[in-house]
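Numbering-wise (my numbering), the sequence shown opens with residue 868 and increments by one. Backbone N, C-alpha and C fix where the C-beta goes; we use that ideal spot for every residue, glycine too. From a predicted model like this one, the values you see are computed outputs, not experimental measurements.
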Amino acid sequence: MSGISRDHWPDDETLVAFADGALAVDEAEKVAAFVAGNEEARRFVELLRASGDLAKGAYDAALVETQADARLAKLILGGGEGASSSNVIALPPQRSRTPAAQRWALPMAAAIALIVGTVGGFEFGRRGVTPEQVAGADVAVGPVARGTALATLLDEKPSGVALSVPGALSRDLMVVASFRDAKGRICREFEILGSESGGPVTAGIACRNDGGIWHVEGAAQLAKAPEPSAQDFSPASGDDAAAIEGLLKAVGAKPALSKDEEESLLKKQWKSSPQ
């Protein structure tokens, strides 16, 4: 793969192979040099690796572990420590994700795509395009445009309160929980609910920057599960939950804010000192 430079973005297949440790050393070094100088690419690779670890654990059969070059790992991650599993947000009891009896195991490449919504979604994010595609249950990684339904949800709605989005393919949006990430930013886990099943079809994590703009850090289009037997809300479970938890781990999610803490921040329009 010649021609890689700081201004030339490797194709997505190459980044996926790099995250999985499947590139030859000389090719991996070129990609590593690019990733080290590009924050968006670095974040993308970190999300790929987080989702890859979760996908490997979903298989019953043992998978061969590819050993990453320590030199490259240090170059990409800067020797920083990832968020520990103890920092993963604990959801409210009524929304807990109970492992399903049947697992819908996904190939690693599919799980990697889920962890960032779609490769196309990340394309939107890195090129500065900010479409909201709620009707199609797709969420683009990147800034959330003011005045959109997603921005309204994140700015105004408490956790557990749905926002209906009318249209030919009407959807309900809902925040599952609010929390701070490893950088101290306010973040919110949100879901797009299916119009028929009432269960989540897309989940994502959005964090608020200093300018008051929400930024979708990652989104997972959830695997299609069997239709629920009742019309009650069906939270994500099994591999769907694993994909979401991978996103939470990637941002270093701290425990969920209490109802009172969230209400206070809503009243202040999310203005608070970093934690």
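Can you have a look at residue i and say buried or exposed, based on whether 16 or more other CB atoms are within 10 angstroms of its CB?
| i | result |
| --- | --- |
| Gln1136 | exposed |
| Gly1113 | buried |
| Lys1121 | buried |
| Ile956 | For Ile956, the predicted model reports a pLDDT of 39, less than 50, meaning its position is unreliable and no value from the coordinates is stated. |
| Ser1104 | Here Ser1104 scores only 47 on pLDDT, less than 50, and its place in the model should not be relied on; the value that follows carries that caveat. Counting Cβ neighbours within 10 Å, Ser1104 comes out buried, since at least 16 surround it. |
| Gly1009 | buried |
| Arg1013 | exposed |
| Glu1084 | buried |
Comparing the CB of residue i with every heavy atom of the ligand FMN, is any distance shorter than 7 Å?
| i | result |
| --- | --- |
| Leu1115 | Because no ligand of any kind appears in the structure shown, any question about the ligand FMN cannot be addressed here. |
According to DSSP, what are the bridge partners of residue i?
| i | result |
| --- | --- |
| Gly1085 | Ile1072 |
| Phe1046 | Cys1054 |
| Asp1039 | Ser1031, Leu1060 |
| Gly1009 | Val1083 |
| Pro1067 | Leu1060 |
In whole angstroms, what separates the C-alpha of residue i from that of residue j?
| i | j | result |
| --- | --- | --- |
| Thr1019 | Glu896 | 43 Å |
| Thr1128 | Ile1111 | Here residue 1128 is Glu; the residue named in the question, Thr, does not match the sequence. The alpha-carbon atoms of Glu1128 and Ile1111 are separated by roughly 23 Å. |
| Leu914 | Ala884 | 13 Å |
| Glu1056 | Thr1069 | 11 Å |
| Ala900 | Lys1138 | 37 Å |
| Val902 | Thr1015 | 32 Å |
| Arg887 | Ala1007 | The sequence shown places Asp at residue 887, rather than the Arg named in the question. Asp887 and Ala1007: Cα-Cα distance of roughly 23 Å. |
| Phe1046 | Ala908 | 25 Å |
| Val912 | Lys1126 | 34 Å |
Consider the Cβ of residue i: report whether some Cβ of chain D lies at a distance smaller than 8 Å.
| i | result |
| --- | --- |
| Arg909 | No chain D is present in this structure, which holds just one protein chain. |
Which one of the options has the shortest CA to CA distance from residue i?
| i | options | result |
| --- | --- | --- |
| Gly1011 | Val1028, Ile1080, Ala900 | Gly is not the amino acid found at residue 1011; the sequence shown has Val there. Answer by Cα proximity: Ile1080. |
| Cys1074 | Ala1086, Val883, Asp878 | Ala1086 |
| Lys1050 | His875, Val883, Gly1119 | Gly1119 |
| Asp1077 | Ile1059, Cys1054, Gly1066, Ser1026 | Cys1054 |
| Val1028 | Lys1126, Val1042, Glu1130 | Val1042 |
| Val1032 | Pro877, Glu1058, Arg909, Leu1133 | Glu1058 |
| Glu1130 | Arg1047, Lys1116, Ser1026, Pro1067 | Ser1026 |
| Trp876 | Asp887, Lys1126, Gly904 | Gly904 |
| Glu880 | His1082, Lys1138, Val898 | Val898 |
| Pro1067 | His1082, Phe1046, Ala1044, Arg1038 | Arg1038 |
| Leu1060 | Glu1023, Gln1088, Phe1046 | Gln1088 |
| Leu1133 | His1082, Glu1023, Arg1052 | Glu1023 |
| Leu1017 | His1082, Glu906, Ala886 | His1082 |
| Ala1044 | Arg909, Leu1115, Ala908, Arg1013 | Leu1115 |
| Ala1123 | Lys1138, Asp1048, Ala1117 | Asp1048 |
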